[in-house]
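For what it's worth, the working numbering labels the leading residue of the first sequence as 97, then goes sequentially. Report on one structure; see the data block that follows.
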Amino acid sequence: MSNTRMLMEMRTVLEKEFFERPAPAVAPELLGMYLVRRSGATEHAYMITEVEAYEGYDDRASHASKGKTARTAVMFGPPGRWYVYLVYGMHEMLNVVTGADGHPAAVLIRGVEGIEGPGRLTKRLGITRAENTLPATKATGLWIEDRGVRIAPHQIQKTPRIGVAYAGEWAHKPWRFVLDKSSSRR
DNA sequence: ACGATGATGAAC
DNA sequence: TTCATCATCGTA
């Protein structure tokens, strides 16, 4: 079997260790990975194209900055679990918990190939708070796969996070990472 | 530019 | 128990 063929067929479910790092390190590496959804017999995979990092207690844009509560408890738990919450009374937001157990951090998945916007994404894939706290590292209902796509640094656009103007200095951190289609060829 | 729509956290 | 706020989106 050729090397190329092996790469093309590579399908590795991301493990807990992948997520056991600071969110700003994990987030850009999720670009090019595949969000995989199984509903009954059908399975769909979507390449991740837009993410945001929320890191630690001090990040005022993060829900964790208010401390551990019923909602945010999962952020304080082990890495590699889903954190799904409702915002504006109608949109479910999909996050993966990162960092060591006890350290609150997560990456918000804001977009995948063909679906722009965190609310649209969860609606299209049928993701709700029912997924909250479930592992993102088991190939059951919803998980993330490495399918061999490698993203070069010049294809990643860094910007401040969206919708966090209330967060003071933290609003300026360049912790939103977008896969830039126009720079995908060199 | 604005309203929808309900959970959350903090104040009372 | 009430209140302001919210990691957004569709319609105007």
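From the three backbone atoms N, C-alpha and C, an ideal C-beta is built for every residue, glycine too. Bear in mind that the values here come from a model prediction, so they are computed numbers and not experimental data.
Beta strand (DSSP E) containing K254: first to last residue?
K254 -> beta strand (DSSP E) spans 252 to 255.
Note down, in chain order, each residue of its chain lying with its Cβ closer than 6 Å to the Cβ of R225, except the 5 sequence neighbours on either side.
Here the set comprises V180.
Rounded straight-line distance, which links the Cα of A141 to that of G210:
So the alpha carbons of these two residues sit roughly 11 Å apart.
Measure from the alpha carbon of G136 to the alpha carbon of each residue in R246, V260, L238, A232, then state which is nearest.
Out of R246, V260, L238, A232, L238 has the C-alpha closest to the C-alpha of G136.
Taking the CB atoms as reference points, tell me whether W271 and P120 lie closer together than 7 Å.
With respect to the 7 Å criterion, W271 and P120 are classified as neighbours on the basis of their beta carbons.
Using 10 angstroms around the beta-carbon of K269, count the other beta-carbons present and answer buried if the total reaches 16, otherwise exposed.
K269 should be labelled buried.
Checking 7 Å against the spacing of the C-beta atoms, do V170 and T229 come in under that value?
The Cβ atoms of V170 and T229 lie closer than 7 Å to each other.
Near G198, which residues of its chain fall below 7 Å by C-beta distance, leaving aside the five closest residues on each side in sequence?
Result list for G198: F172, in chain order.
Would you kindly report the start and end of the unbroken alpha helix (DSSP H) that includes V260?
In the DSSP assignment, V260 falls outside any alpha helix (DSSP H) and carries neither an H nor an E.
Host beta strand (DSSP E) of T145 (start-end):
Run containing T145: 138 to 151, per the beta strand (DSSP E) assignment.
Could you spell out the range, first to last residue, of the beta strand (DSSP E) harbouring L217?
Careful: L217 lies outside any beta strand (DSSP E), inside the alpha helix (DSSP H) at 214 to 221.
Output needed for A235: all residues of its chain with C-beta closer than 6 Å, excluding positions within five of it in sequence on either side, in chain order.
Contacts found: V109.
Buried or exposed: M106, going by 16 or more other Cβ atoms within 10 Å of its Cβ?
Exposed.
8 Å CB neighbourhood of E139 in its chain, flanking five on each side removed
Closer than 8 Å at Cβ, skipping near neighbours: V132, R133.
Endpoints, beta strand (DSSP E) assigned at F115:
Annotation for F115: no beta strand (DSSP E) segment contains it, though the alpha helix (DSSP H) segment containing it runs 112 to 115.
Option nearest E241 by Cα separation, candidates D155, H159, G152, G176
The shortest Cα separation from E241 among D155, H159, G152, G176 belongs to G176.
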